Each structure stands twice: as structure tokens, then as C-alpha cells.
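Data block below; observations after.
Protein chains: 2
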Amino acid sequence: MARELVILKLGGSVITDKSKPFAASVETIGRLSEEIAHANFKPMAIVHGGGSFGHSVAAEHRISKGYEGSGQLMGFAKTRQAMMQLNKLVTDSLISHGIAAVSLQPSAFIITANGRIVDLNTNIIEKLLGKDLVPVLYGDAVMDEKMGFTILSGDQIAARLAIALNASRIVLAVDVDGVYTADPKLDSSAKLIGEMRLRELRELVKELGENRKVADVTGQMLGKIEETVSALENGVSIAVVNGLKPGRLLQALKNRRFIGTIIRP
Amino acid sequence: MARELVILKLGGSVITDKSKPFAASVETIGRLSEEIAHANFKPMAIVHGGGSFGHSVAAEHRISKGYEGSGQLMGFAKTRQAMMQLNKLVTDSLISHGIAAVSLQPSAFIITANGRIVDLNTNIIEKLLGKDLVPVLYGDAVMDEKMGFTILSGDQIAARLAIALNASRIVLAVDVDGVYTADPKLDSSAKLIGEMRLRELRELVKELGENRKVADVTGQMLGKIEETVSALENGVSIAVVNGLKPGRLLQALKNRRFIGTIIRP
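Residue numbers (my numbering), protein chains in the order written: chain A, 1 to 265; chain B, 1 to 265.
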């Protein structure tokens, strides 16, 4: 039986402007903080993406490819700082809205092997949740048992956290309205899928895997959707909402009817 | 047999102005970064104190006393942010001087019981050191098995790290020249002790414990000295240098003759 715990994932493309390096969407972060404070949902853990922080420096030094030589080390160090800088912005904003938000650096306690989390020690997170504190994690540059180091996505952290903590729901705040039947920009008959089952998602992922065009078409939801499959298999529901449209995150957190997509196990 | 690893502890009173909240000594941090870069000592891990960051907010909310009620939660969250802010300043400065410095949040992987570190997982730190990266830890507000939460000092982290990593030396950069025979401000016959043994330190600590006046007299070195006793017992040498005086840290890191105090196991 899942517990009343929500893992909220704030997409990097929601909280930053991905077209410019180090461009935090300060107003959006403020509004989302307000909606989270208003929802007053406890217990909750937050995970955010890296967006335009870290991405350019990580790409420049091929951090996600793993350790290739000492020439990457300064790039690795700078990537870590960039991730931390965005996390500080987000956590400061949450605190200024009255949320007892506590930054938790993923790379300080998570190791991957070939990019996948090896084991997730939830001891400290459970202690934070037990005191009504809200842990705030993020996509980070982590040490990897096989590759030396790599990039760990916020999506993978959110899915693994949900499973390890036996959460009832993951709320994904993204920059699109939800999962569509086709690309609404290209196909006027495209419809937002209000509710779907894991089985339907599996078919979609399979289709996406076979047809890369479709992957693009659904608004690059492939990675996010794929990461959530493991959580769904473990009984976690997924709510996908547009974090750029005011009020939708609040509705989703309050578990009211909301514009977006619910994926049930 | 100890390995050629140095744990460098930068005192909070060296890198901040303790008389004012959130007053980083930016110039000193820059100069120390330069000396560390110049020494080019590897492998090395750095730990810094909290100084005027975090101290006032932690004191206001009695964070070191442990969890007393939900009224402390925002204070706990703010203390964490303050610690992280100072750490970001220090790590940014080290990076800007060409050191591949990697921030490592202690509260993300260390739990205490009644203020003492329960177990120290060095897996990630070893991986960082193995890649010639320089982990930068700091005094932090951590979860505690008995007290709910508390403050963990940079001094305790430095001593425990030195033992767990089998380091050869701890270098303590403090705001005094070293350990004196008496308070040089009160006693003109006071002499800087260039070299001492654990046995002599034990006597001094015992004396300090019995006579609080003496504790003040040695420049509030009691806490720092007491924390290092466990490291000394495990074969770690301690070098105490004045971080406020240019060049002394460099000399100590290069293991040359330096003005300060060496304490041998």
C-alpha cells in the first residue's frame, strides 16, 4: 500500500530558459513556489532538472559520456557548481514562500553504474520527511562505478525515489500540457490524453522506440515517460501537468480535476 | 601506514568576519585559494567552518540543541542554505584558481547521534580523490538519530575524515599563530609551541578541562584541539597555522618549516 507521499518533479525547461545558459525563470519559480505553498501537501519531496544551468558546461566537457581524461575535471567541477546554483535559487524561493525546503545534493550520496542509480539510501530523506521538512534534489553530475562520472537526470531520481519511498504519486511539471495522441502543432486532430494506463503507456513507449519521429512528436516526453514506467510498475501514479500555465500544478497537487495527463499503474 | 593525503580545515573565523552575519572574507578566501593552488598538493580534501554564515540563524533557532518543535523548521532550512552559500563562495574561489574543487554537502550523507558522526561512508570521497578532484565539505546542519537534528562542526568532520581515509596530516588554518604556552595577549612570556606530542596535548586538554580560564587563554583552541585527539591517536599529524597571515598555509602544505604548531601522534 502506497503512502500519501508526492514526489514533485519540476522540469528543467519549466524553471529555466533552455535557449540561454544560466537563465533561471525567476518569475515562474516564484509562482510555482506559491502554488506548492498553497497546496500545502505533506509529505513531499521535490526534484528539479538542470535546464540551462550546467547543460552547456556539461555538454562542452562531455560529462555525460564519462571520464575520458583529466581535461574534463574543471568541467566536472563547474557543472556541479552550476547545478548547485540553480538548486540554491529554487530552494531559496521555496523558503521565501514559507516552505521548510532543504537542499539535498544527490551527488553527495548517490552513485551510478553506467548511468543507473546503484543503491539509494533513503535514511536521511526519511528523517527529513519525518520532521515535515521538504527535501529538494536535482539532476547532478555524479560519480559512476563504470564510467568514472556521468550525469544523473532528475527524472531518474524522481522515479527511483518514488519507488524507494513507496510514494503514491509523481507529479511531473513539464512545459507541455501532457501526453498527446499526436503532435498538436502538426496535427489538428491531436488530443490531450486525460487518463491512461501503464499498459497503454507501454505501447506508446514501444511505438516511440520504433519510430523516432513519434518521439519528437509527443514533445520529447519519451525520456520522462520511460523513466516513469518503473515507478508505475511499482504502483505509483503519474500526473503530467504544464508548469508554465498558472494554477495547473496547484490543481494537480490538490488532486482535483486538472488539465493534464494521469497515468495509472 | 598513513597515505599521502592531507585534510585541510579552513577555520570559519579565517574565511568570514565572525562579528557580522553573512560577512565572507572574500580577499582572504582568494589568497588562500591561491596558496592551495600553488602548493598543488594531491590528494587533498578540504573542510571549512561556518563562521558568520549560518551561525546567527542557527543560534536564533537553537538548531544545535536539537529538535524542540516545528517552530524551528524554517530556521533549520535557512541554516542549511546559509552553509551552502558560504560553501559556494569557497568552492567558486578554488575553481577560479584552477583547482578542480567539488562541493560535497555533509548533511546529504552524514547522520549524527547526539552530535557525533554515526558512520562515515567514504565511498564517494574516495572516488573523487581517485580522479584528482578535491572534495570541499563544511560544517552543516545535519539529521541526528537522537536529537532530530543538530549542528555538525567542520572540526569533527575533518578529524573523522582523516581517520576514515587514513590521512597522514590535518592542516588547521586558524586565526591565531598556533598553540601557545599561555595567552600572548595577557602574558609577555607566552611562547608559540613549535612542536608537541599527543601526550603533551592530552595534558593540555586535561588542564583546559579543569581550568576554563586556560581554555580561553589559548585562543579558544580547546574544541579544535579536542577534536584532533582522536585523529592523533590514529596516527594523523596536526599542523596548526595562521590562515590570516599570507604564505603560512602554503608553507605548511608544502611541509616546509613553517610558523605554527606541529602536533605529532
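Ideal Cβ positions, reconstructed from N, Cα and C, are used throughout, including at glycine. Bear in mind the structure is a predicted one, so any value in this text is a computation, not a measurement.
Cβ-based neighbour list, residue i, same chain, cut-off 7 Å, excluding 5 preceding and 5 following
i	result
Asp177/B	Leu192, Asn242, Ile259, Gly260
Ala252/B	Val171, Ala239, Val241, Phe258, Gly260
Ile29/A	Ile15, Leu89, Val90, Ser93
Glu266/B	Any answer about residue 266/B is impossible in this case: the structure gives chain B only from 1 up to 265.
Ser56/A	Pro21
Ser64/A	Ala58, Thr150, Ile151
Arg248/B	Val241, Asn242, Phe258, Ile259, Gly260
Lys127/A	none
Chain-order list of residues whose beta-carbon lies under 6 Å from that of residue i (same chain, five-residue window excluded)
i	result
Ser33/A	Ser93, Leu94, His97
Ala158/A	Ile7, Lys9, Val47, Ile170
His266/B	Given a span of 1 to 265 for chain B in the structure shown, any question on residue 266/B remains unanswerable.
Val136/A	Ile46, Thr91, Ala101, Ser103
Ser153/B	Gly139
Gly194/A	none
Gly66/A	Met147, Gly148, Thr150
Leu232/A	Leu198, Pro265
Leu204/B	none
Met196/A	Ile263
Arg256/A	none
Ala2/A	Asn166, Ser168, Gly235
Ile124/A	none
Leu201/B	Ile263
Gly277/A	As displayed, chain A neither begins before 1 nor continues past 265, which places residue 277/A out of reach and without an answer.
Gly266/A	Look at the range of chain A in this structure, 1 to 265, and you will see that residue 266/A is not part of it.
Leu120/B	Arg160, Ala164
For residue j and residue i, believed in contact at Cβ under 8 Å, the rounded distance
i	j	result
Leu161/B	Pro43/B	Going by Cβ atoms, the distance from Leu161/B to Pro43/B rounds to 12 Å, so no, they are not a contact pair.
Ile117/B	Leu198/B	Contact doesn't hold; Cβ gap of about 21 Å is too wide.
Sub-8 Å separation of residue i and residue j beta-carbons
i	j	result
Gly12/A	Gly139/A	yes
Gly51/B	Leu86/B	yes
Thr79/A	Ala24/A	no
Tyr180/A	Ala190/A	yes
Ile99/A	Ala37/A	yes
Ser237/B	Pro265/B	yes
Ala167/A	Asp144/A	no
Leu244/A	Asp175/A	yes
Phe53/B	Ala82/B	yes
Glu35/A	Leu250/A	yes
Strand pairing of residue i, partner residues [DSSP]
i	result
Ile7/A	Ala45/A, Ile170/A
Asp144/A	Thr112/A, Gly148/A
Met83/B	Its beta-bridge partners do not exist; DSSP assigns none.
Tyr138/A	His48/A
Gly243/A	Paired residue(s): none; Gly243/A is not in a bridge.
Leu306/A	The requested residue 306/A is not part of the displayed model; chain A covers only 1 to 265.
Gly260/B	Val241/B
Arg197/A	Arg264/A
Thr16/A	Ala24/A
Glu103/A	According to the sequence displayed, residue 103/A carries Ser and not Glu. The partner list for Ser103/A (beta bridge, DSSP) reads Val136/A.
Ile117/A	Thr112/A
Same chain only: Cβ atoms within 8 Å of residue i, ignoring 5 sequence neighbours per side
i	result
Arg31/A	Pro246
Thr122/B	Leu161, Ala164, Leu165
Phe41/A	Val6, Leu253, Lys254
| request: Indicate whether the contact test is met: 3 or more Cβ pairs, each with one atom in the segment 102-110 of chain B and one in the segment 15-22 of chain B, closer than 8 Å. | output: no
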